[in-house]
Amino acid sequence: MSYCMYLRKSRADEQADISNRFDTLQRHEDILFELSKKLGLKIEKIFREIVSGDSIEARPVMQELLFQVEKKLWNGVFVIEVERLARGDTVDQGVVARTFKYSKTKIITPIKIYDPCDEFDEEYFEFGLFMSRREYKVINRRLQRGRLSSVREGKYTGSIAPYGYRKIKLKGEKGFTLEIDEDKAAVVKLIFNLFLNGTEILEKYEPLGISKISRYLNSNNIPSPSGKKWSPSSVYGILTNPVYCGQIRWNYRPALKSVTMGKMKTERPRNSPEKYMLTSGLHEKIIDKDVFIKTQEKISACHRPPVNRSKTIKNPLAGLVICEKCGAKMVRKPACTGDYLVCPKNCGNVSCLLSLAEKKILNAVDFWAKGYEVRLNKSPKNTPVQEESLRCLSVLNLENNLKKLQNQLEKVYSLFEQGIYSKEVFDMRKNKLATEISEIKKLLSVTQNQNPPQKDEEIIFEPVKITEIYQKTTDPKIKNDILKELLFKVEYKKEKSARWHCSPDAFEITVYPKLPKR
């Protein structure tokens, strides 16, 4: 008989730990160990939940426990109360109840031992979960009401203090406020000054843009809020945060939950000014309000609205080219002299013309894929050349993946015959690979049978190089799809600017192809 223990703090426990200075989890652990001794049961493992989440998805230790319970590794689970197992919605409660029921795993608490196979215990257990969810909603409602009241009083309710401040406890009352960190506050003042007034360039002062400010800060080795290099987004966040002029902002980025493909997804979009609340804060301001207003006016005048998601991409290398220095995905930046490929993190990797990078990548693909040809249907009644080429490339890629999986399966059999793999490991690996092979075969069959030609049609096929297919289209989206069929990624590196030191194409790329070399 094997038993384990699950420990998790509630929000009330966290507050009690702060005020009374004792460890709630340790106290619960002692109580449950004492209970196990009375029952004559040995606890073999302890699951400690460090994070506090309102769903199973947000609690990794709970996920691990449920996985092991599902595999029937435990006869029972010790917990201080059933409410610690699930306070999520009815879906989470159903997952917990069903997992314990079908695995016949008992839930042992100091008050009662729940047998999920017993009808009355099951009903009592489900009722306990329902009441815990109701209690959670009441507590959460009170917390939100308390936070809103604190904001109206000018207190700071965020978990992390903004750059330039320290979060401190208010004396003689509940809540927190902000205290100026002089060293970091000087950087905040510098950012606002650079944006409005600039720095001396060629014997005159010129204001700097957000990207230039981030480069200026990095060149002077000034640490960012995260301790890494400054990026335009971190500078923009400081320039638009009203906390620096003595205000508190509430509901600026609310957490909005939605269900996508059966999975819960949380997004934090930025609210418009009429939807969030601004109050006068108790903390001391770093920037004068007039300076902050001028900054917002300048940002509004330079603001460019984001591209609508319904619009097609304009960068044929989108999502493919990785900065070799910092690992960020490089992006397209339009300019009067042409589109450039740039690193958004300002890590020092020099940009280049997008067309030059595209040309060099195509040359590398042409060299690597020498010997590969695609048979294109030239019949005008069939699918367009671009769609047919993508289909053929998909078939080629699927066939290569199928060969790899079949080779892996042969190795699994070989390792089992040599005695390296146990029967359990062999079965697990074999079943996994067999499933993947089956899925690829189905996908390959579907892809091969797409757009079948009519019986009465006369079809002419012509072998074409892969790079020739790429050059036949002008649509960046189709070009991007073709490259993603051929390449995993491309790493880019350029040390010196072409303006003074070298030719425009003096950069290095490392291509990671999906196709084996011929």
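The sequence shown stops at residue 518 when you use UniProt numbering, and every number in between is there.
Glycine residues also receive a C-beta, built at the ideal position from the N, C-alpha and C atoms.
From residue i to residue j, what distance separates their C-alpha atoms?
i    : j    : result
S272 : Y252 : 8 Å
K38  : R429 : 43 Å
K169 : T177 : 6 Å
P242 : I210 : 17 Å
L143 : S224 : 32 Å
T435 : D115 : 36 Å
I111 : L32  : 11 Å
L486 : N407 : 21 Å
D481 : V51  : 40 Å
E439 : L433 : 10 Å
F367 : D339 : 25 Å
L217 : D183 : 14 Å
F292 : I191 : 12 Å
N221 : S214 : 11 Å
K477 : P60  : 38 Å
D118 : Y136 : 27 Å
K106 : R145 : 38 Å
D456 : T474 : Bear in mind that a pLDDT of 41 at D456, under 50, signals an unreliable position, so the number given afterwards is only what the model happens to contain. So the two alpha carbons sit approximately 32 Å from each other.
A318 : L415 : 41 Å
S219 : K212 : 10 Å
I46  : G40  : 17 Å
L409 : K442 : 18 Å
L208 : R27  : 57 Å
I160 : A58  : 20 Å
M131 : E34  : 27 Å
V385 : T447 : The predicted model places V385 with a pLDDT of 49, which falls under 50 and marks its position as unreliable; any figure quoted below should be read in that light. V385 and T447: Cα-Cα distance of roughly 16 Å.
I113 : M62  : 20 Å
Note the first and the last residue of the continuous alpha helix (DSSP H) segment covering residue i.
i    : result
F78  : No alpha helix (DSSP H) contains F78, which is instead part of the beta strand (DSSP E) from 76-78.
S132 : 119-152
T337 : Note, T337: premise wrong, no alpha helix (DSSP H); not H, not E.
E44  : Here E44 belongs to no alpha helix (DSSP H); instead the beta strand (DSSP E) covers 43-49.
Please state if the CB of residue j and the CB of residue i are separated by a distance shorter than 7 Å.
i    : j    : result
G154 : T279 : yes
V79  : A86  : no
R8   : R84  : yes
K514 : I322 : no
L66  : T99  : yes
I108 : G76  : yes
L362 : R332 : no
K72  : S36  : no
L483 : I437 : no
R141 : T157 : no
For residue i, report the span of its beta strand (DSSP E) as first-last.
i    : result
T510 : 508-513
K106 : 106-108
I222 : Per DSSP, I222 belongs to no beta strand (DSSP E) and is neither H nor E.
R166 : 165-169
K493 : 487-493
Starting from the C-beta of residue i, find all residues in its chain whose C-beta is less than 7 Å away, skip the five residues before and the five after it, and write them out in chain order.
i    : result
A364 : I509, V511
V350 : K494, E495, K496, S497
C343 : C323, C326, A328, M330, N349
D92  : S55, I56, A86
E44  : S2, Y3, C4
D505 : L356, K360
Between the options, which has its C-alpha nearest residue i's C-alpha?
i    : options                : result
E81  : N315, E29, L487        : E29
C4   : D54, Q26, I50, V69     : V69
L196 : L217, Y244, I299, R215 : I299
I479 : C336, P316, S2         : A small fix is needed here, since residue 479 is Lys in this sequence, not Ile. For the residues C336, P316, S2, the minimum Cα distance to K479 belongs to P316.
A186 : P232, L148, I238       : I238
S234 : K275, K167, V188       : V188
I287 : A58, K106, Y163, M62   : Y163
C347 : K212, K229, I313       : K229
P232 : I139, M277, K345       : K345
R270 : T295, T240, S258       : T240
R133 : S150, P254, D89, K171  : D89
P254 : M277, I139, N449       : M277
K285 : A335, K171, Y165, C336 : Y165
Once you ignore the five residues that flank residue i on each side, which residues in its own chain have a CB closer than 6 Å to its CB?
i    : result
G281 : G154, G246, Q247, I248
L507 : Checking the displayed sequence, the identity of residue 507 turns out to be Phe instead of Leu. For F507, where only same-chain residues beyond five positions count, the Cβ hits under 6 Å are C352, K494.
H283 : T177, L178
T199 : none
E267 : L256
S310 : Reliability of the predicted coordinates at S310 is poor, the pLDDT of 47 falling under 50, and the value obtained from them is presented with this limitation in mind. Contacts found: none.
Which same chain residues end up closer than 8 Å to residue i when comparing Cβ atoms and leaving out the 5 residues on each side of it in sequence?
i    : result
L444 : V395, L398, E399, L402
V412 : Y421, F426, R429, K430, L433
K275 : N251
L341 : L317, V321, M330, V331, R332, K333, S351, C352, L353, L354, A357, Y492
I313 : P476, K477, N480
E126 : Q93, A97
K101 : P116, C117, E122
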